[in-house]
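Heads up: the sequence shown begins at 1 in UniProt numbering, then just goes up one per residue.
To start, the structure under review is shown below, and the notes come after it.
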Amino acid sequence: MKRSSLIVVVLFPLILVLGFAILSPGLSGPFLLDDFIHLPKLAGDNGQIDTLSDVYQLIFSGERAIGRQLSYLSLLINDNAWPTTAYGFKRLNVLLHLLNGVLVFLFARMLANLICNRDTDPNHADWIALLVMSLWLVHPLHLSPTMMVIQRMTLLAGTFSLLALVSYLHGRRLAVDRPIAGYRWMILGFGSFLVLGIFSKETAIMTVCYVMVIEATLLARDRPPRPDYWRFWAWLFLGVPLLAIVAYFFSILPYIDQLYLKRDFNMIERLLTESRVLMQYLRVILLPSISASGPYHDDFMISRGLLEPATTLLSIITIFSLIGFAIWRRRRNPLLAFAILWFFLAHLLESTILPIELYFEHRNYLPMFGFAFAVSYWVMNQSGKLAVISRVGVAAFLSLTLLITFLSARVWGDANQISTVWAAEHPGSARAQIGAIRFWSKIGDSERLIEQFDLAQRLNPNDAGLSLLRLIIQRCRNPAAPPIGGDMGSLEQMVPSAHFEHGSLEGIDWIAKNAKKEGCDFKEDDLEKIIDLYLSNPRFYGNEAARTLLYRILADRQRKRGDLNATIQSLDLAYAARPSFDVALNQAWLLATAGLFEDADTYLQKARETPPRSKGERLWRDDKIAEIERLIRLMKKDMKTQSISAP
């Protein structure tokens, strides 16, 4: 074995070990953000997933026909119950990330071999791939998908996308001389991994764009030559998925304004803002910073116009200039064109018209590959003084990246630092401020708690969740503790015009489930008043999921006080907001337990006739309906027996 080959063999596992060591301080961190939305599904119906029906509900819950089922299923590798601990989930995420690092190496090596000069060192592609792997693996932006448990969907989608790309390149090379073997890889391998990726997260469909970028830039000169029938394959495996993306965008346009009701921006404002978001992504990819590697970016300024702020217009001009330059120079400067087009096309789904949140670091998981490959290939192909300068520069960049990632991972792994550091770095982020507020409340520092609340509410004047949280903490504190200013009057004043956010819904749900057992000073009708306040806000009322949740919480409170009519009416409103068989089934059960069997039968029929929210729902709903029907029949039988035996 040559000396250069031996070095590659030694360095490869060392990079993986170093990657784990750099990321491991974050493993001790808590669950974060959307973890608390998705992981409670592990509770099933009885606190854990212990039946096939529970598994079906876990992976097919929601309204998606496809997407994310594999990611949800993978959660069962770590635990089948909720609540649980985060460590095992995060460790598996890191291991998946390391696996993806291996796939990045293979993919980069194959790309380099396709475009390298055949007269170069046979290990040249290995060195390029090692550098790509190093730059990509330990970048601080990857803390977000590894340390946020639910972003396993990003990791798995990345795994299958990379496997699809490796299959494509391998098959493309084979198909020139062995078309059957080559197209077997390009059809079965690429197609299967693409489908598995989409079932991990919908963004895996962007893999088809990656192939198009490769063909339009690095392989544009037809080296190696495209195999026979390639155009037919491309139409079927690239064109059809792209048409599906375009069709989906057009399908949501008629009701796009309704989808944006839950956001503090409209579609045009999102498009304008995303131009600045993309430029910010570029900055933190190329110039990483320790303050940019956290999950809280809800403070990102919304662009209300081309000059509000002025950087909006500058960002748009820059993006179109870069894309135009890349298309124009794709044959003469294929490496630069590859990096630019790979990045921007990768963001086509999540950075355009979809009414999702503006900024998340994990959206750069695969999009940053293009820059890592371009830099690595360029550096490893320089000679003389430029080779020395460029390699010293990339070594310095890599060292800085390692340090930033390690220091950031320590923050991700410390619940106390998470609360205070991220709040200081993002004073305008309501989520970051809420984390700090909960921290100061937990340790009982009233002075810092009040300061944090005042700062958060001053910077987020339209966030009703902060006012509700202040009220909750005030009502649940030790009566001897100093007051912190939370009151119903403030809530009544701001809720009707507040913007939509999930913190308020979480707060209302917490009051309903925990206020009494925590000894909080809430009056009997306070919760109903709070719910009515939020239902008077068009942003909350216009959100079907929020309206359903609020009416269901209201119905539960009415049930507990024994008002059956009000309970059924509230559940009717919850059903009207978002028809769901389990709402009608709940109504049937409540009516049956009250002896109103005819009404119960009406709601049973309603449950049977309710359209499923997803195709997978059919796998468990019939069993649930049948079980409730069986129990109601037993109740009817018992009632008849009692009436016959009565004197």
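Even for Gly, the Cβ is constructed at its ideal location relative to N, Cα and C.
Model, not experiment: these values are computed from the prediction.
Check, Outcome
"Counting only the same chain and skipping the five closest in sequence on each side, list residues whose C-beta sits under 8 Å from that of N543.", "L261, K262, F500"
"Just checking, does the region 132-151 make contact with the region 22-35 on the three C-beta pairs under 8 Å criterion?", "yes"
"Tell me whether A546 sits in a helix, a strand or coil according to DSSP, three-state version.", "helix"
"As a quick exercise: from R621, A584, S315, pick the residue whose alpha carbon is nearest that of K606.", "A584"
"Is the number of C-beta pairs between the region 309-326 and the region 262-277 that are closer than 8 Å three or more?", "yes"
"Classify P367 as buried or exposed, calling it buried when 16 or more other Cβ atoms lie within 10 Å of its own Cβ.", "buried"
"Along the chain, where does the alpha helix (DSSP H) that runs through Y72 open and close?", "69-74"
"Can you tell me the Cα-Cα spacing of K637 and I625, whole angstroms?", "18 Å"
"Considering only residues of the region 347-419, which uninterrupted beta strand (DSSP E) runs meet the minimum length of 3 residues and lie entirely inside it, listed in chain order?", "none"
"Quick one: what does DSSP say E609 is sitting in, helix, strand or coil?", "helix"
"Is the beta carbon of G19 closer than 8 Å to that of G101?", "yes"
"Could you compute how far the alpha carbon of R475 sits from the alpha carbon of H142?", "40 Å"
"Going by DSSP in three states, E629 sits in which element: helix, strand or coil?", "helix"
"Assess contact between the region 481-496 and the region 237-246, defined as three or more Cβ pairs (one per stretch) separated by less than 8 Å. Is contact present?", "no"
"Can you give the Cα-Cα distance for F587 and T593, rounded to whole angstroms?", "Inspection of the sequence shows that residue 587 is occupied by Gln rather than by Phe. In a straight line, the C-alpha of Q587 is about 10 Å away from that of T593."
"How about the region 244-259 and the region 292-299: do they share at least three Cβ pairs that are nearer than 8 Å?", "no"
"Quick one: any contact between the region 85-105 and the region 127-134, if contact means 3 or more CB pairs under 8 Å?", "yes"
"Candidates D54, T84, D126: which alpha carbon is nearest V9's?", "D126"
"Compute the beta-carbon to beta-carbon distance between M488 and A464, rounded to the nearest angstrom, for a pair I have assumed lies under 8 Å.", "Not confirmed; about 12 Å, so no contact."
"May I ask you to report which of helix, strand or coil DSSP gives E524?", "coil"
"What are the start and end residues of the alpha helix (DSSP H) that includes F265?", "From DSSP, F265 is part of no alpha helix (DSSP H); its letter is neither H nor E."
"Closest by CA to Y603, which one among D623, I632, R613?", "I632"
"Taking just the CA atoms, how far does A566 sit from L533?", "18 Å"
"Using 8 Å for Cβ pairs, my map puts L42 next to T84. What's the rounded Cβ distance?", "7 Å"
"Identify the residues that DSSP records as bridge partners of G305: which are they?", "E308"
"Taking only runs of the alpha helix (DSSP H) that begin and end inside the region 30-104, which ones reach a length of at least 4 residues, in chain order?", "35-38, 52-60, 69-74"
"Measuring only the C-alpha atoms, how far is F373 from G182?", "25 Å"
"State the Cα-Cα distance for the pair L564 and Q558, rounded to the nearest angstrom.", "7 Å"
"Along the alpha helix (DSSP H) that carries W510, what are the first and last residues, could you check?", "502-514"
"Given a cut-off of 8 Å, decide if G413 and residue 649 are closer than it, judged by their beta-carbon atoms.", "Given that the chain is displayed from residue 1 to residue 647, the structure contains no residue 649 and the question cannot be resolved."
"Assign R431 to buried or exposed, taking buried as 16 or more other Cβ atoms, counted over all protein chains shown, within 10 Å of its Cβ.", "buried"
"Check whether the region 347-360 and the region 87-94 are in contact - that is, three or more C-beta pairs closer than 8 Å.", "no"
"State the DSSP-derived secondary structure class of A220, mapped to helix, strand or coil.", "coil"
"Considering only C-alpha positions, which residue in the set R539, D572, A456 is nearest to Y551?", "D572"
"Classify L307: buried if its beta carbon has 16 or more other beta carbons within 10 angstroms, exposed otherwise.", "exposed"
"Here's a check: name, in chain order, each residue in its chain whose Cβ is nearer than 6 Å to the Cβ of Y72, leaving out the five neighbours to either side.", "L58, I59"
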